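Below: the structure, in structure tokens.
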Amino acid sequence: MCCECNNENEYYIQLARVGKPAPKFEMLALLPNGSFGNVSLQENLDNGKWTVLYFYPKDFTFVCPTEIKAMSDANEQFEKLNTSVIAVSTDTEYSHLAWTNTPALGKIKHPMASDANHQVSEAYGVLIEEEGIALRGLFIIDPEGKLVHSTINDNNVGRNVDEVIRLLEAFQSGGLAPCGWTPGEKLLED
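Residue numbers for the sequence shown follow UniProt numbering, so the first one is 1 and each next one is one higher.
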């Protein structure tokens, strides 16, 4: 859940802001083994993991499977970077399961979470309320729970998985990474 209680009668949604604690979440998901289970930011934090949380608009669409497959294909690279990847849409976990049973998507190596109540999409600022779907948002959260990166695309343009990996490597370097930095290159000095 991403909501915090202000007092007995008021609830508000904590909005995602880079440099601040990421909104906590727990969602039901289709897991890589084909079963259903919960995924949460707290579980990743407890395990000292980085989190890549990425939102996509809908199951059974055209651009979405290209991104989801690319993220899944990079699973080993994410594991080497101690990073848990979670895909999120406002579809149900059953819709995710049906989609993975089609040739258009197939088996995916990271959880596909259901934000059917729209709370997490709203907290991360990607919800298109009139349509009940999410924009293509991608968020990187460090092992302490701080949001270190946020991008949001219009839904007709996909993201670049190599850039997500480069960003993780740069954040994990602990230094000042200049434009276009890649591992092995010199970091800047303070």
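Note that CB positions come from ideal geometry on N, CA and C, so glycine has one too.
If you're wondering where the values come from, they're calculated on a predicted model, not measured in any experiment.
{"query": "Member of F60, L105, Y94 whose CA lies at the smallest distance from the CA of K69", "result": "L105"}
{"query": "Test item: CB-CB of I141 and Q77 under 8 Å", "result": "no"}
{"query": "Presumed contact (8 Å Cβ cut-off) between T83 and L30, rounded CB distance", "result": "Contact flag wrong, Cβ pair sits at about 19 Å."}
{"query": "Buried versus exposed, by CB contacts within 10 Å (16 or more), K186", "result": "exposed"}
{"query": "N- and C-terminal bounds of the alpha helix (DSSP H) containing L45", "result": "41-46"}
{"query": "In DSSP terms, what T151 is bridged to", "result": "L138"}
{"query": "From V157, K109, D46, P57, residue whose alpha carbon lies closest to that of S121", "result": "P57"}
{"query": "Beta-carbon separation (whole angstroms), G137 vs F55, contact threshold 8 Å", "result": "4 Å"}
{"query": "Three-way DSSP call (helix, strand, coil) for V126 in this model", "result": "coil"}
{"query": "Whether H110 touches I86 by CB criterion (8 Å)", "result": "yes"}
{"query": "L41 to E26 span [Cα, whole Å]", "result": "7 Å"}
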